[in-house]
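Taking it in order: structure first as structure tokens, then the write-up.
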Amino acid sequence: MKKLINDPAGVVDAALAGMAAAHPELRVDAKQRIIVRADAPRPGKVGLVSGGGSGHEPLHGGFVGLGMLDAACPGEIFTSPVPDQILAATAAVDAGAGVLHIVKNYTGDVMNFEMAAELAAAESGAEVRAVVVNDDVAVQDSLYTAGRRGVGATLILEKMAGAGAEQGRPLAEVARIAETVNARSRSMGMALTSCTVPAVGHPTFELGDGEMEIGIGIHGEPGRRRVPLAPARDVAVLLLDPILADLPFAQGDRVLCFLNGMGGTPLIELYLMFDEVSRILRGHGIQIERSLVGPYVTSLDMAGCSITLTRLDEELTALWDAPVRTPALRWGI
Amino acid sequence: MAAVDTAAWVRGFAALVGEHEAELTALDAAIGDADHGTNMRRGMTAVVAALDDSQPGTPGEVSKQTAMALIRAVGGASGPLFGTFFLRFAAAIGSGMDIADFARAFRAGVDGVIARGKAEPGDKTMVDTLVPAADALDTRVAGGASTEAVLDAAVSAAAAGRDATTPLVARKGRASYLGERSAGHQDPGATSAALLVLAARAAVR
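And the structure:
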């Protein structure tokens, strides 16, 4: 393992200290392990809290700020935060208008957020609602699995619901926006290499030079299947086909296309992939109305990418375009 | 009469988790996200520190502190699940001391895990270890076996339950995302749960 670290067990704390130093506009509570907007709580505003394992940077801490999250709670690497952390974040952003928890659909995240919401209701009477993100078409959704994972759509949902909350909309409205974005978004990812978890010290899985994994999540877990390495244009088809088949994206649809890097893939490859993706979508008569390209929902140092499509309407487009000022996303201001 | 020393049980579990950390993480790397050993060791280290700090008296107090330390330190799925086990165990055992009390509290803990994780036997989770162990405890206690014999039966049942997870296709937890590819791997949660039962056998005083 070659990484810029001091002690494998202290990576999360050390990174939080760096975030605090780099972003004085945020309040980083190293002890509670929460990242909060410096001006929170803001009277009358619904508080948005998200969190999950570390190792997906800039998700979630990089999206705390005006127009997006009010607080993030980072867990250990690839491990969900604990209820105490989520409770502290909830209390820090509760201004009486309620708090929305944005939870990715993983067993641990769902259980810890549930426990925190129970504790919040018992302790402060805060009104807490949760939306569970589950956009990954690689996972068959059925009664017999934990259900689809939450991946790239998390960012889109945090941006759009964050814009709604910034406009002063009530909790039920902000939750509705979040549910709408989730329902209209689908993602699929692939990996060229495994990532290496610092505390483990070696790659999570072995992948031969001529192989790639299709249908990966964001935790270094193997994908649905292993296939021979193929050119980018074929990879684009492998990822887009199940997305397009799952949510009937129809001719004439306008979409937000988010091409996400997994952490170890340079932008030149992501733009090359975006060219392939846009060509395929054009062929289907689907118009890319908004786009985002870059490493935003990562898996440590994994090489690979994921594609997320969100079907837009006027309301969602306006929410996407609304001003945002966070360490990792910033426009309109 | 012999009984399980709850504090020795928890400390023994911590020691076993420490010894098996790399194995638990390797099992998790195959079908999950490679952090089960690390998480359990972090949690049990916090538990031992909490017990050293406060020296709780009754079995109920020991297991409640264990639960709170796990929930605060672990996160992921293991924190709420093992935490809920010890929380329910604590409420059911109170200051009880004998093997019948232990069996009843163990069952309450297992029921808590099932309720929190919504998993059933056969889903390839820690439930596959815990349910057979609880069944063995109940059966042998009802049959009037000695404390040692009751726990020997629970250890065997837990090991068999753990081994039986290998061919299963996961239906809960992160391994379920792999579908058919999860078959052929022993479940990490079922493995750490078997260590929990093994530690109880070693804590008979």
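So the protein lines, in turn, are chains A and B. Letter 211 of the first sequence, counting from 1, is numbered 211 in full-length UniProt numbering, and no numbers are missing. Letter 29 of the second sequence, counting from 1, is numbered 29 in full-length UniProt numbering, and no numbers are missing. Glycine included, C-beta positions come from ideal geometry on N, C-alpha and C. Because the structure is a prediction, the values reported are computed rather than measured.
- Annotation: the continuous beta strand (DSSP E) that includes E289(A) extends over Q287 to G294.
- With contacts defined by Cβ atoms closer than 8 Å, I102(A) and T145(A) do not form a contacting pair.
- G217, H219, G220, E221, P222 and R224: these are the residues of the region 217 to 235 of chain A whose beta carbon lies less than 7 Å from some beta carbon of chain B, given in chain order.
- For L155(A), no beta strand (DSSP E) run applies; the uninterrupted alpha helix (DSSP H) run containing it begins and ends at A153 to E166, by DSSP.
- The beta carbon of K64(B) sits no closer than 8 Å to any beta carbon of chain A.
- Identification of residues in the region 93 to 122 of chain A having a C-beta nearer than 7 Å to some C-beta of chain B yields Y106, T107, G108, M111, N112 and M115, given in sequence order.
- The straight-line gap separating the alpha-carbon atoms of L48(A) and G168(A) is approximately 12 Å.
- Judged by their CB atoms, D94(A) and P41(A) are nearer to each other than the 8 Å cut-off.
- The residues M97 and D98, in chain order, have a CB closer than 6 Å to that of A3(B) in the same chain once the five nearest residues on each side in sequence are set aside.
- Remark: fewer than three beta-carbon pairs, one from each stretch, lie closer than 8 Å, so the region 224 to 238 of chain A and the region 159 to 166 of chain A are not flagged as touching.
- Look at E76(A) here: in three-state DSSP terms it is strand.
- Under a criterion of Cβ atoms nearer than 9 Å, the residues of chain A adjacent to R116(B) are, in order, M111, E114 and M115.
- DSSP, read as helix, strand or coil, puts T298(A) in coil.
- V293(A) and V47(B) have their C-alpha atoms spaced approximately 44 Å apart.
- Within chain A, the C-beta atoms nearer than 8 Å to that of V74(B) come from T79 and V82, in chain order.
- For S54(B), the number of other beta carbons within 10 angstroms of its own is below 16, and it is reported as exposed.
- Taken through DSSP and simplified to helix, strand or coil, M97(B) comes out as coil.
- Residues of chain A whose Cβ lies closer than 7 Å to the Cβ of S176(B) are, in chain order, T145 and A146.
- Judged by their CB atoms, G223(A) and G210(A) are not nearer to each other than the 8 Å cut-off.
- Interface criterion not met: the Cβ of A15(A) is under 8 Å from no Cβ in chain B.
- Sorting G150(A), V128(A), R149(A) and M190(A) by C-alpha distance to the C-alpha of A172(A) places V128(A) at the top.
- Neighbours of R279(A) in chain B, taken as residues at a C-beta separation under 9 Å, are lacking, since the least C-beta distance is about 30 Å.
- Counting only runs of at least 4 residues, the region 58 to 118 of chain A fully encloses the following alpha helix (DSSP H) elements, listed from N- to C-terminal order: 83 to 93.
- For R129(A), the pairing in a beta bridge is given by DSSP as L100(A).
- For I280(A), no beta strand (DSSP E) segment is defined; the enclosing uninterrupted segment is the alpha helix (DSSP H) at L267 to G283.
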